[in-house]
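Going by my numbering, the sequence shown opens with residue 712, and the numbers climb by one from there. Even for Gly, the Cβ is constructed at its ideal location relative to N, Cα and C.
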Amino acid sequence: MGIVKEILVGKSQLSWLGLAGKKISPDEIYTTWCVNNFIFQEENLALKIPGLRPPQIGGIYAALGYEKSEANSAATIVMPTGTGKTETILSIVVAGRFRKTLVIVPSDALREQTKKKFLGLGLLRQLGMLNDSFENPIVATIKHGIQDIIEINHLLNSNVIIATAAALSQFHKDALETLTKACSHLVVDEAHHVTASTWAQIKAQFADKPVFQFTATPFRTDCSRVDGKIIFNYSLSKAQLDGYFKPIEFHPVKEFVEEKADKVIAQKAIDLLKADLKNGLNHMVMARANNIKRATQVYEYYKNETELNPILITSKAKRKDEVLKAIKAGKHRIIVCVNMLGEGFDLPQLKISAIHDPHKSINVMLQFTGRFTRTTEGVGDAKFVANIANPKLNDCLQELYNEDSDWNSIISNISSEKVISELKYQDFKSGFSEPSKLLDLGLTPSISTTVFNLRAATWKPENFYKFSNKHFQIHDSVLNDEQDTLVFSVKSYAPVGWSSSKELFDESWDLYIAYFDKRNKLLFIHSSAKDGLVKRLAKLIAEGAPQVNGERVFRALSGLKRLKLQNVGLNKNKKGLRYSMHTGTEINDQIPDIEAKRSIKSNIFGKGYEDGKLVSVGCSYKGKVWSMDSDSLEQWIDWCKNVGKKILDESIDTNQVLKTAMQSEELTEYPELRLLNVEWPVGLLRKNDRKIYLSDGKREETLFNCELTLSDKTNDKDNIRYFDISTPRGSFGVSATITAKGEVTHSSDTPLYIIIGSEERLVTDFFDENPPVFFLEDTSIIDGGYRYYSYEEYAYLYSLNNIEGWLWDDVDISVESQTHLKHPHSIQYHTIQQIKDNYDLVFDDDGSGEIADIVAIKNNDDSELIIDLYHCKYCTKKKGVAKPGARVDDIYQVAGQAVKSIKWFANKESLINRLIDRERVRLSQEKASRIDKGTLEQLIHLSKVARYASFKVGVAIVQPAISKPLISKDILSVLGATEAYIDEISSIKLRVIINQTS
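Below, the structure is given as C-alpha cells:
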C-alpha cells in the first residue's frame, strides 16, 4: 500500500515518501499516473471476479468520454446512495490523469471520509485497478479560511485538495483565486447543494475547466436547478435490481390523535429491533425528529429501554466525536437525532427508521432512505415506521404514507420521475437559441405588460442584441423559438442623484420579457426597469408594430365583477387643469365628465372578481396594463393572453366599465341598513392564521380557532356597531364607532391582544388601523370609514320556486346544534339525516372557527369533489314556543354566515385540512367524532384528491324558522341580495331550505 501522504494546513511541513520509501513530489506522483494504465476491470459475481461495479464503470466511462469531447458545461453523474460513488470519484481522478483536483463536499464528516479514501486510493488497489507503479496522491484538507499566499502555496503542494464550501467561503478573494487557478479540475460531491451562493461562486472560477458533479438526487426543494448536464444516470430501480439497495419494509401505524403518535411509533420500532436482534441481525434504530425540542420529546419514549442503551445526539451534544465512535462501535442500539447524522456518516447497521416527523421534501427523503438500504454482511432489510394518519405532506410523500404502500417501487418511481423531469428540462433548455442561466433562477416577474400590434410587422427577436448601449449591457439571455418568448437581463449604470461627479454610478439589474402571441398577432413586453425602454426594444424586434393604447387598453377591466376602483387618473379639458387623480368617493363624481367627454381616462386601477377569484388590474391610456402580483414566467404568458383577448374585443364599451364599478361613499355615521356579518381585515386573512395569536394575558389561542360574529347587543347609539371575537374559551365584545371625521375607533371592556410575529398589540388598536369588514343587507360592505356599494339596485327577490320546504316533525326548531352528544331533536342532526345519503362524507363543523355548521363532500372517482356548506339557524321562542313564520330577523344572521363562508373555497385543500385538524382536536378531547358519515381516513384521502381534482361547490341556508307558505318579500329581498353577492364573487348559486309548514 505504501505510505499515505497528507497535508494538514496550518501544520509544519511534512516529508512525503513514495511507495519505494523515497521522497516524492506531487509532479512525480502525477507522472506515475500518466505513464501507467488504469485497469478497467468490471466485477463479475458469478465468476467471482473482483472489480468495479457496473454503475462505477458506467460513471467513469461517461466522465472520461465527456472530458474528451468539446462540451464545456459542468457534467452531472447520478448514482444512488450505496452504489460506490466515492470509488468512482477516485477512479476518474486517477484514470483521467487529473493534474490537481479540488474536491468540494458539503460537510466536515464527508471531507474526512473522502480524505481517507484518497490517501490510500480506497478499494482501487485492493480490487487490482492499479499496478504497483501508481503512487498514492498527496492529499490536502482545508478546515478553515486562508488569507495569505504562503499558506496557499503549502496547500498547493498536493495532488488532491478536499474542502467544504463553508471553509472556502472564508478565503480571502486573492487566496481563493490562487487556489482555483492552480487546480485543473473540480469535483463536487452531493451536487444538489451546488446552487447555494458559495458553491456557485466557486464553480464560476472553473468556467473554462472540467467540472464533474455527483449526486443521488439531481434536483432541489427550492425549485432552482442543479446546473450541469446529466451525462450518466444509474437509476434507483436498476440499483434495486442489481442488489445495491436493500429492500424496504414499511410498517405503518395509525394514530389520529397527534399527541399519542410518538409513543405508538416508538413502541413499533422497539418491537422490530428486538425481533431483529433475536434473529441474529446486527441492527440499530434511528428515531428522526425535526428539531432539538422534538428530539428531546421523542427520546422520552425510548430512554427506559436500558438494555438497548438509547442515546440522544444533537448539535448541542457534548463530546460528540466520542458519542459517534460509540455508535459506530455498536454500543447504542437506539439513536434519537435531528434529521440524520450528516452526509458522510456511513453506518450500514442502521436498518430501522422511526419517522416521528416526516420530511417535507421528497429530495431529502430519498437521501434519507439511502442511508438505511446499504448492503453489508450481518444485516437484513431496511424497515421504516411512520404514522400514516398525517395528511400534511406533498403528493410524492403522501403516496409513501399509505397503509399498503410498497416503498421499494414508490421510491424508485419517484426518483425516476424526478430525474426524467430534469432530463426533459435539459432537453427543453437545449431548444433555446442561446441557453442561459436565467431560466434556472426561478423567475417571478411582476405582472405587467405593454402591448403592440404585429398584424403589419415582422417578429425578429434575434435583433434584441442591438438593445445595449453605453449605459447598459445585456448580460444573459434566452430565446425559445417555439414559444416565441425572449427573456434577457440588463446591467445598467446611472449617475447617482447626490453628486455631479461623472465617476460615480448606481449599478442595477433589470429583466425584460417579450412574448409574441402568434394567433392574435400581439406582442407583449415586460420590463422591470422604472424607465424601461420598451418602445426601443419593440422597434428592434418588431419594427413598425404600433403600440396598443387609448380606450382599447381599458377593455382589460371588462368582466370583473364587483369591481372596486382604487384610483382614477383623468386628463381634463379645462384651462389650468390638465390632469387630476381621484380616489374614494371622488371617482363617482367624475363619471358625468367622462360620459360628456370633458375628461379622458388616463389611468385606472381597481380590484374585482374574475372566475370567482379576486384579481387586480391597472390600465394606462398610454398602453400599459398591470396587476399587483408577481408570478412565474408561464403564468405571466397566460395573463397576457387573457389581456390580449379583451383588448381585441370590439364589443366592450370602456365607458361602461366605470358605470358598472362599485360606488363608494365616505361615512360619518352608519347607514340604516342591517348588518349580515363581520369579517377579519383582508390583510389579516392573507396571513397564516396558525401563526397569529389572540391573548387575554393568561392564555393564547391561534386565530385559526377564533372568529368574528355579530353581537346580540343592541345599539345604545346609532353610530356604534357591536361584534364579538369568539374563541374556544369564551367571547370578547368589541364596539366600532364612526367619528365625525370619518375615522373608525374600536373599544372593548376586556383587554385582548393580537400577536403577529414578535409584535403584540391591543386588538382594539389593531382594528383602528386595520378595521374589520361589515357586510350589509344590500350586499354593500363597510371597510373602515367607507361604504362600497354596487351600481345595481339589488332589490330583486329570490325565486320562490328555488326555495325548498322540508318537514321538521319531531325536531325542536329552537335547538340549532346537535353538539358532540348528537342530539336527535336538533336542526343540525335532522339536516344531516336528510342529506347524508347524497354524500360520501358528512362533517359536523359547528363551533367557534367553523367553516359551516355542516360540510358535506362527495367524491366522484377521485377526479371531482363536490363540497357543499350548510348553514343552520334556530327559531327563536316566543312565550316558550318556537313557531315558523315570516320574521325577517330570522334570516339576517344565517345569510351573513353564508356570505362569510365563501372565502373557504379559495383553497379547497386547506378547507379539508382544516376539517382534519378540527377532528383531531375533537378526538384529543375524547369526545364523539365530528364525522357523521365516513371516516378520518377518507377525509385524509380527500385532502390528497383535492390537489388535482376538479370541484363543484355549493352553499345552503337551512332556516326552519321561515315558513314557506308565509314567506315575505322582505325575506326574499334579503335572500336575493345574498344570492347576487355570492354569485358575483364565486359563481356559486345559493340554496335555501326552510319550513314546509306554517
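Taking just the CA atoms, how far does residue j sit from residue i?
| i | j | result |
| --- | --- | --- |
| R810 | T928 | 29 Å |
| V1198 | V1189 | 5 Å |
| R958 | G776 | Just to set this straight, residue 958 is Pro in the shown sequence, not Arg. Near 33 Å, if we compare the C-alpha coordinates of G776 and P958. |
| L1508 | V1201 | 59 Å |
| N1618 | H994 | 45 Å |
| I1046 | T812 | 37 Å |
| S802 | G839 | 12 Å |
| S1219 | S1203 | 5 Å |
| S1574 | V1656 | 8 Å |
| V1669 | Q978 | 48 Å |
| I857 | F925 | 26 Å |
| F1079 | K1402 | 29 Å |
| T743 | I941 | 31 Å |
| N1512 | I1693 | 19 Å |
| H1182 | A1205 | 7 Å |
| D1556 | C1417 | 14 Å |
| C1351 | K1318 | 17 Å |
Can residue i and residue j be called in contact, C-beta distance under 8 Å?
| i | j | result |
| --- | --- | --- |
| G1329 | I1348 | no |
| G1394 | V1162 | no |
| V789 | Y945 | yes |
| T1084 | G793 | yes |
| T1155 | S1338 | no |
| F1235 | Y1223 | no |
| I981 | E846 | no |
| I1436 | L1419 | yes |
| D1360 | R1230 | no |
| I1577 | K1644 | no |
| A1065 | I976 | yes |
Throw me the rounded Cβ distance for the residue i and residue j pair, which I believe falls under 8 Å.
| i | j | result |
| --- | --- | --- |
| V1666 | L1622 | Incorrect: roughly 13 Å between the Cβ atoms, too far for contact. |
| V1610 | L1387 | 6 Å |
| N1260 | K1333 | 5 Å |
| V1599 | D1681 | 5 Å |
| D900 | I815 | 7 Å |
| A1688 | E1488 | 6 Å |
Per DSSP, what are the beta-bridge partners of residue i in this structure?
| i | result |
| --- | --- |
| Q1374 | Y1500 |
| F1199 | S1188, Y1223 |
| E955 | This sequence places Tyr at residue 955; Glu is not what is there. Beta-bridge pairing links Y955 to no other residue. |
| Y1320 | K1272, L1325 |
| N993 | DSSP, once it has assigned bridges, lists no residue as partnering N993. |
| D900 | F925 |
| I1578 | I1568, V1664 |
| H1237 | I1224 |
| E1218 | Y1204 |
| A1065 | A998, V1096 |
| T1413 | Y1404 |
Tell me the DSSP secondary structure of residue i in three-state form.
| i | result |
| --- | --- |
| A1657 | coil |
| I1565 | strand |
| F1175 | helix |
| Y1710 | Nothing about residue 1710 can be reported from this structure: the residues present for the chain run from 712 to 1709 only. |
| F1095 | strand |
| N1513 | helix |
| F829 | helix |
| K1452 | coil |
| D919 | coil |
| P1257 | coil |
| I1696 | helix |
| I768 | helix |
| F1477 | helix |
| D1573 | coil |
| W1337 | strand |
| H962 | strand |
| S802 | helix |
| D1435 | strand |
When the cut-off is 8 Å and only beta carbons count, does residue i lie next to chain C?
| i | result |
| --- | --- |
| H1652 | This model lacks chain C altogether, as it is built from one protein chain only. |
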